[in-house]
Amino acid sequence: MLFLAHIGITLGAAVLLCDAPSWSYSRRKLPQPCQATSTTSFSQPDCAPDCADDNLSWFNSLARQIDYRLILVGALLPDIIDKPLGTFLFPCFFNSNRIFCHTLLFLVIISSVAVYIFKRQGQTWLIALAFGTFMHLILDGMWLIPKTLLWPAYGWAFGRTDISHWLKNVFYALLTDPYIYLPELVGAIILLGFFVYLARKGKLLLFIKKGTIQS
Ligand SMILES: [Zn+2]
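Take the sequence shown: its letters are residues 13 to 227, numbered as in our numbering.
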């Protein structure tokens, strides 16, 4: 996939995922009759106890700290690193624009370090990049190129692709291939909806300055 599909669909997935705890929280916070089943002091009330919310508190906390700007960067991170290396700097050596950062190994490393930093320092910046990278590998359909995805399980060489007319082929596919232009259209619609929503809620500046959509 290309630029708009990567950032639009990844952003949409991140917003849905980060909002999921608040949906669940809101449902459980709806007014409910809270009557004890027994008159004994040890009986449990019918309604859910407040401590049940603790199960989602860490994820809710993580979701509120996520910098969506970094998710946008993460959505493009594998291409930002691999395309210059494989296409422009070392085209003869790699002969592919999907190399190190399009591998499962890279995703596992970046995700492990992200969890470590979050647990030790409470910082979420690398989690945002790791999530964007995860979505990038899915949207690129990397399971179709197992030699690259599972590198170096199949040997040290990456799966080779024809990059001789890469840019020209991209433009041609963008105009003629529905597998390319439809996801781009979906990504563009999600981005448009996202920024219109922010503008109407007066949160556009908040997003630009802090990368958050929750004040
Ligand atoms: Zn890619």
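Beta carbons: idealized from backbone N, C-alpha and C, even for Gly. Predicted model only: the values in this text are computed from it and were never measured.
Which of helix, strand or coil DSSP assigns to residue i
i      : result
Pro195 : helix
Thr52  : Low local confidence applies: a pLDDT of 41 at Thr52 is under 50, so the model's placement there is unreliable, and no value is given.
Thr22  : helix
Gln47  : Bear in mind that the predicted position of Gln47 carries a pLDDT of just 46, short of 50, making it unreliable; the figure below should be weighed with that in mind. Of the three classes helix, strand and coil, the one that applies to Gln47 here is coil, per DSSP.
Asp174 : coil
Lys213 : helix
Tyr166 : coil
Asn72  : helix
Gly223 : coil
Ile111 : coil
Thr145 : helix
Terminal residues of the alpha helix (DSSP H) in which residue i lies
i      : result
Thr160 : 158–161
Ile121 : 116–133
Pro155 : Position check: residue 155 holds Trp in this sequence, whereas Pro was assumed. That residue, Trp155, is in no alpha helix (DSSP H); it is neither H nor E in DSSP.
Ile92  : 80–95
Residue burial classification, residue i (beta-carbon count within 10 angstroms, cutoff 16)
i      : result
Asp94  : buried
Ser108 : buried
Ala140 : buried
Pro90  : buried
Gly20  : buried
Phe143 : buried
Trp168 : exposed
Val27  : buried
Other residues of its chain near residue i: CB distance less than 7 Å, five sequence neighbours each side excluded
i      : result
Cys30  : Ala75, Ile78
Gly223 : Asp79, Tyr80, Arg81, Leu82
Cβ-Cβ separation, residue j to residue i (assumed contact under 8 Å), whole Å
i      : j      : result
His177 : Asp152 : Incorrect: roughly 19 Å between the Cβ atoms, too far for contact.
Ile122 : Leu97  : 17 Å between Cβ atoms; not a contact.
Spatial neighbours of residue i in its chain, beta-carbon cut-off 8 Å, leaving aside the 5 residues before and after
i     : result
Thr99 : Asn109, Ile175, Trp178
Close-in-space but distant-in-sequence residues of the same chain around residue i (CB under 6 Å, 5 per side omitted)
i      : result
Ile192 : Ala185, Leu186
Glu196 : Leu14, Leu16, Ala17
Thr173 : Ser108
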